[in-house]
Amino acid sequence: MKTPFIVGTALLGTLAVALAQGTDFVTIGSGSTTGVYFPVATGMAKLVNEANAGVRANARSTGGSVFNVNALGSGELQMAIAQNDITYYAYKGTGIAAFEGKANTKLRVLAALYPEVLHVVARKDSRINSIADLKGKRVVVGDLGSGTEQTARQVLEAYGLTFADLGQTLRVNPTQGISLMQDGRADALFYTVGVGASAVQQIAQTVNVNLVPVSGNQAASLIRKYPFYVRYNIPAKSYKGVGATVPGVAVQAVLVSTSDEKEDTVYKAMKAIFGDEKALKALHPALNDNFDDAKAVRGLPAPLHAGAVKYWREKGLNVK
Ligand code: GLU
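Here the sequence shown is numbered in our numbering, starting from 1229 and rising by one per residue.
Okay, structure coming up:
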């Protein structure tokens, strides 16, 4: 019975010291443990804590982008990773039923991170070669609160389909999605995620799959209607069994906070996260292959946070 008491006392001690020194606490919202947000947010929290600059951070696993921007609004999270399109819809109070008329004008961006590519992973034995073939199939469309679910809805729409046309619309997290794909209870799985996501890797390693393309007129009409999408080719050999490049579409992952967070807190956190580019890129291949300071401030879905403006200006970038 002694150990918990000692651990508790030690923790209280650390907390007391932290409070006395005016430490700020930041919880970073991420996504499923088998996605890319989670390892990236966990790594970012570690960089912040190691900097020992008066900000303590921890990462939390969540349903994804829609949950994260809502939780930033309610103050449950202080920072989060989210899709740029979802961030824009939340900031404007538009685009998604849950945001209609509820603009969260306090949302602020810190940086764009890497492309999030729509992965439509299909079991080979389900014979799905086009999005149109998903009709009548059992499909994992993303977790509750995910950005993936919104991507899935919009991409199906571009092919003239709705969730009602699917045989089964499965709203589970990607980790549960792995098992459903493995034991054949799902035919396909949507995931808007950085290339190299563990969930997609695990499925590809254990089941014969193909990645379904999004291309041609349908991709063009999707991009026309929802301008945050860009064309993106998933490189050959990104996953086991994927021998050729797969044409598709992507949005961007952005690091977000709110104007309620102090300029100094955000500035210090950013210095810890982005100050050592090598350490940042080591957090995940999606960052390693894509992150770059100049791209980090381009085409953002909401205004930059004051602390981010300070940070990027100091790095020589011309931002407002
Ligand atoms: N983009 C996904 C979503 O918002 C999450 C991806 C991830 O966790 O890496 O649903």
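Glycine included, each C-beta is placed from N, C-alpha and C at the ideal position.
Query, Result
"What's the call for Gln1306, buried or exposed, on a 16-neighbour Cβ count within 10 Å?", "buried"
"Using 7 Å as the threshold, is the C-beta distance between Gly1271 and Leu1511 below it?", "yes"
"Alpha carbon to alpha carbon, how far is His1347 from Val1337?", "25 Å"
"Which residue marks the beginning of the alpha helix (DSSP H) containing Val1525, and which one marks its end?", "That residue, Val1525, is in no alpha helix (DSSP H); it is neither H nor E in DSSP."
"Does Ala1530 pass the burial test, meaning 16 or more other C-beta atoms within 10 Å, or should it be called exposed?", "buried"
"Assuming Ala1287 is part of the beta strand (DSSP E), what are its boundary residues?", "1283-1288"
"Along the beta strand (DSSP E) that carries Phe1418, what are the first and last residues, could you check?", "1416-1421"
"Kindly identify the DSSP beta-bridge partner or partners of Thr1252.", "The amino acid occupying residue 1252 in the given sequence is Asp; Thr does not appear at that position. Partner(s): Val1283."
"Using a threshold of 6 Å, is the CB atom of Tyr1265 nearer than that to any non-hydrogen atom of the ligand GLU?", "yes"
"Roughly how many angstroms separate the alpha carbons of Lys1543 and Asp1504, rounded to a whole number?", "12 Å"
"Give me the Cα-Cα distance between Asn1401 and Ala1427, rounded to the nearest whole angstrom.", "10 Å"
"What does a CB cutoff of less than 6 Å around Val1537 pick up in its chain, not counting 5 residues either side in sequence?", "Val1547"
"From this set, Ala1350, Ala1331, Val1264, Arg1355, which residue's C-alpha is nearest Phe1418's C-alpha?", "Ala1350"
"Using three-state DSSP, classify Lys1543 as helix, strand or coil.", "coil"
"Am I right that Ala1310 and Asn1332 are in contact with their C-beta atoms under 8 Å? What's the rounded C-beta distance?", "Actually they are not in contact, since the Cβ atoms of Ala1310 and Asn1332 sit about 11 Å apart, beyond 8 Å."
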